[in-house]
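From first to last, the protein sequence lines are chains A and B. Quick note: my numbering has the first sequence finishing at residue 558, numbered continuously throughout. Quick note: my numbering has the second sequence finishing at residue 342, numbered continuously throughout.
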Amino acid sequence: MFKNKKNLFNLSLLGIFIWLLITSYNSSKRKPETVGELFKDFSWLSDWPKWLDLPLMPFINKWFKALNENYGFIFEAINNFLLFLLMGLKNFLVQAPWPLVIIGVVILAYYASGKKIKTTVSVGFCTFFIGFLHPRFWDKAIETTSIMLISIFLCLIIGVPIGIWMSRANRVREKILPILDLMQTIPAFVYLIPGIMLFGLGAVPAIIATFIYAVPPLVRLTDLGIRLVDTEVTEAADAFGASKKQKLWGVQIPLALPNIMQGVNQCTMMALSMVVIASMIGTRGLGDEVLLGLQQLNVGRAAEAGIAIVLLAIVLDRITQSYGETLQERNSPVKKEKK
Amino acid sequence: MSKIEINNIYKIFGNKPQSIMPMVRDGATKDDVLEQTGHTVGLDNVSLKIEEGETFVCMGLSGSGKSTLIRHINRLIDPTEGEIHIDGTNIMNCNPEELIDWRRNRISMVFQRFGLFPHKTVMQNVGYGLEMQGKSEEDRDKIAMEKIEAVGLNGFENQFPNQLSGGMQQRVGLARALATNSDIMLMDEAFSALDPLIRSDMQKQLIDLQSELKKTIIFITHDLDESLRLGDHIGILNAGKLVQVGTPIDIIMKPADDYVKAFVKDVNRARVIKAKIIMKKANEVNGIDKSNLIKVQEDQFIEEFLPQIVCTSANCEVVDKSGNVKGYITNKELQESLTKY
Numbered sequence: 220m221f222k223n224k225k226n227l228f229n230l231s232l233l234g235i236f237i238w239l240l241i242t243s244y245n246s247s248k249r250k251p252e253t254v255g256e257l258f259k260d261f262s263w264l265s266d267w268p269k270w271l272d273l274p275l276m277p278f279i280n281k282w283f284k285a286l287n288e289n290y291g292f293i294f295e296a297i298n299n300f301l302l303f304l305l306m307g308l309k310n311f312l313v314q315a316p317w318p319l320v321i322i323g324v325v326i327l328a329y330y331a332s333g334k335k336i337k338t339t340v341s342v343g344f345c346t347f348f349i350g351f352l353h354p355r356f357w358d359k360a361i362e363t364t365s366i367m368l369i370s371i372f373l374c375l376i377i378g379v380p381i382g383i384w385m386s387r388a389n390r391v392r393e394k395i396l397p398i399l400d401l402m403q404t405i406p407a408f409v410y411l412i413p414g415i416m417l418f419g420l421g422a423v424p425a426i427i428a429t430f431i432y433a434v435p436p437l438v439r440l441t442d443l444g445i446r447l448v449d450t451e452v453t454e455a456a457d458a459f460g461a462s463k464k465q466k467l468w469g470v471q472i473p474l475a476l477p478n479i480m481q482g483v484n485q486c487t488m489m490a491l492s493m494v495v496i497a498s499m500i501g502t503r504g505l506g507d508e509v510l511l512g513l514q515q516l517n518v519g520r521a522a523e524a525g526i527a528i529v530l531l532a533i534v535l536d537r538i539t540q541s542y543g544e545t546l547q548e549r550n551s552p553v554k555k556e557k558k
Numbered sequence: 002m003s004k005i006e007i008n009n010i011y012k013i014f015g016n017k018p019q020s021i022m023p024m025v026r027d028g029a030t031k032d033d034v035l036e037q038t039g040h041t042v043g044l045d046n047v048s049l050k051i052e053e054g055e056t057f058v059c060m061g062l063s064g065s066g067k068s069t070l071i072r073h074i075n076r077l078i079d080p081t082e083g084e085i086h087i088d089g090t091n092i093m094n095c096n097p098e099e100l101i102d103w104r105r106n107r108i109s110m111v112f113q114r115f116g117l118f119p120h121k122t123v124m125q126n127v128g129y130g131l132e133m134q135g136k137s138e139e140d141r142d143k144i145a146m147e148k149i150e151a152v153g154l155n156g157f158e159n160q161f162p163n164q165l166s167g168g169m170q171q172r173v174g175l176a177r178a179l180a181t182n183s184d185i186m187l188m189d190e191a192f193s194a195l196d197p198l199i200r201s202d203m204q205k206q207l208i209d210l211q212s213e214l215k216k217t218i219i220f221i222t223h224d225l226d227e228s229l230r231l232g233d234h235i236g237i238l239n240a241g242k243l244v245q246v247g248t249p250i251d252i253i254m255k256p257a258d259d260y261v262k263a264f265v266k267d268v269n270r271a272r273v274i275k276a277k278i279i280m281k282k283a284n285e286v287n288g289i290d291k292s293n294l295i296k297v298q299e300d301q302f303i304e305e306f307l308p309q310i311v312c313t314s315a316n317c318e319v320v321d322k323s324g325n326v327k328g329y330i331t332n333k334e335l336q337e338s339l340t341k342y
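So, in structure tokens, the structure goes:
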């Protein structure tokens, strides 16, 4: 039974392959007059024959066009929604007095790091230096951060549940892992450009592209984190009659949280690098400063913006990383003296 | 009716356990099955009866299936075939809700590596089963505190498990299992990860608690001394098969096969055999030399009266608490009873 199914599957794959060969031959404009010619003139064996060409490009173009025309309203809606969120966040942060924003970041860092003074102070200084490098950078950094925060928010509400789902079912995991590989290896421009066509120039395609680029590590680490929870501990939850939901929220997620936070950290870092690339499709922000500097061959300007990006990265990394560490310390099995 | 009845349980690990069943039923050994099909036989036709209020010790080497067996009782593992009755209910027919109900109220468990929740305090850990039962936080803390006191951990209730030593952590595990007030307690190598001194302490504590609580305890161990000390009955598993079930004395005096013999050969017999076990009854004895008698209590272990006898050729007169003569042990019989196989 099992073997038959596998054979059937292989046969159907073979069928699809033959069908693809025939379609490519038929749709090619450079095919020979008759099929018989192939058996008289064997020159097609030396170079790759022109007619052996899978018509993927016209197919995708057609499909994409139809998608754009028929379902444009969906993308329009997504666009408006994300833009609304982004503008709200950005305008709020831009209009707030800058010292208040710095104080806010410092307070966040203080609590996230478990009240470590060193981390807090360095985060405060980095934040200050972003504006200190060039007054223009302050608003741009806020714009970049807003785009990132929205992307990370998307990553969290979509990536974490997928990670949890993967950790519970091996079959789901097997199906999702290759998709994650694809998302991580496919060059960013391949989905940046279609993003522009669906959502128009600006911040929204950047958010979508950032999401695609940054979500895989979060999904992977959520899955890994839940799988790494000590089996005896989950068994204990089962043995005392925890329902699936109680086990997930009461035991698995709290214990996987250090790993999930590591995922958020990775996600943040990747999102930041993507936001810079996205400046090439007209997203405003710090990346756009780098691009301008390069276009004008103004090395100093590009370097200044580069440093600002690094500072922003340090701030975000310190906050997310140290939160993960705080969690980890509590869960580590090592005996620790009570302070 | 027994408290727990396990009838003809088979457990096979692998991709297609059902397909291997006929082979296992025909008596293929564990090694054969593994070699030919890649399936592991966990349990092979195990049947057991466990009485209310007793401590049943299940013993065997690692890989003999003892941990698998204990997990069948609360269905953390489902058998490939077979039935498990608790108080006459076949728990194999329970739906998920009923099963959760059983686990919350009737069966609790203690784990080898403690299985404590590292993100919860000692108090919250002990109260976990009560939380699952849906008790209010106030009730939970009150009962948890009682149990924490019962295992002697007062003052540690607000610490996290990683701040405690191994022995203390297992006390938390024990308190957590006691807190739900379940009538059945499963203990999976509960003391195996502890060092010998603490282990002996914990055994004593368990015996004391058990003399009050009278729970039905199923205790897993690979340590014979531990099983002799704790068990009312002992079951010995080898390669998924139950080789022998009996009282500690049965196991020592009449080992069923070479495997059990190998187990009991190093045991300190003087420490586990009581006088009344090896004595000949007074009315069955004749011709014994009564000129040189030493009085021993029937409940004394051989170890306790051996020093008095060892340098003399005296025989023993076994008496009960009120001094009535119950039987005799000749010097020769005493020697024989201590001889190893």
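Note that beta-carbon positions come from the ideal geometry of N, C-alpha and C, so glycine has one too.
Helix, strand or coil for cysteine 317(B) per DSSP? strand
Stretch-stretch touch, CB-based, cutoff 8 Å, three pairs: the segment 424 to 439 of chain A with the segment 450 to 463 of chain A: no
Inter-residue CB distance, threonine 539(A) and threonine 487(A) (contact presumed, cutoff 8 Å): 5 Å
Residues of the segment 68 to 81 of chain B in Cβ contact with chain A at a cutoff of 7 Å, in chain order, please. Asn75 and Leu77
Does the segment 43 to 59 of chain B come into contact with the segment 233 to 247 of chain B, if we say contact requires no fewer than three beta-carbon pairs (one atom in each stretch) closer than 8 Å? yes
CB of isoleucine 303(B) within 8 Å of CB of alanine 271(B), strictly: yes
Quick one: Cα of isoleucine 321(A) to Cα of leucine 352(A), how far? 15 Å
Once the 5 residues before and after leucine 467(A) are set aside, which same chain residues still bring their CB inside 8 Å of it? Ile383
Per DSSP, which residues does aspartate 189(B) bridge with? Please list them. Ile221(B)
Given a limit of 7 Å on CB to CB distance, which residues of the segment 453 to 464 of chain A reach chain B? Glu454, Ala455, Asp457, Ala458, Phe459, Gly460, Ala461 and Ser462
How should lysine 12(B) be labelled, buried or exposed, when 16 other C-beta atoms within 10 angstroms of its C-beta is the threshold for buried? buried
Assign leucine 227(A) to one of two classes, buried (16 or more other C-beta atoms within 10 Å of its C-beta) or exposed (fewer than that). exposed
In whole angstroms, what separates the C-alpha of lysine 250(A) from that of isoleucine 279(A)? 22 Å
For valine 111(B), count neighbouring Cβ atoms within 10 angstroms of its own Cβ and tell me buried if that reaches 16, exposed if not. buried
Partners in chain B for proline 473(A), counting only beta-carbon separations shorter than 7 Å: His120
Using C-beta distances below 6 Å, list every residue in its chain close to leucine 530(A), excluding the 5 sequence neighbours before and after it, in chain order. Cys345, Phe348 and Ile349
Check the Cβ-Cβ distances between threonine 181(B) and every residue of chain A, and say whether any is below 8 Å. yes
Can you tell me whether glutamine 314(A) is buried or exposed, with buried defined as 16 or more other CB within 10 angstroms of its CB? exposed
Quick one: grab the DSSP three-state call for histidine 120(B). coil
Which residue spans inside the segment 84 to 133 of chain B form an unbroken alpha helix (DSSP H) run of at least 4? 97 to 106 and 123 to 127
According to a CB-to-CB cut-off of less than 9 Å, which residues of the segment 373 to 395 of chain A neighbour chain B? none
Work out the CA separation of asparagine 16(B) and leucine 62(B) for me, nearest whole Å. 25 Å
Looking at C-beta atoms only, is the number of pairs between the segment 414 to 427 of chain A and the segment 67 to 78 of chain B that lie closer than 8 Å three or more? no
Strictly below 7 Å CB to CB, what residues from chain B border glutamate 451(A)? Phe112, Arg114 and Gly116
When DSSP builds the beta bridges, which residues end up paired with leucine 238(B)? Leu243(B)
According to a CB-to-CB cut-off of less than 7 Å, which residues of the segment 125 to 155 of chain B neighbour chain A? Tyr129, Gly130 and Met133
Quick one: is isoleucine 185(B) near chain E, going by C-beta distance under 8 Å? Judged by its chain identifiers, the structure shown contains no chain E, and its protein chains are A and B.
Say whether chain B places a C-beta atom closer than 8 Å to the C-beta of valine 325(A). no
Mind checking cysteine 317(B): buried by the 16 CB within 10 Å criterion, or exposed? buried
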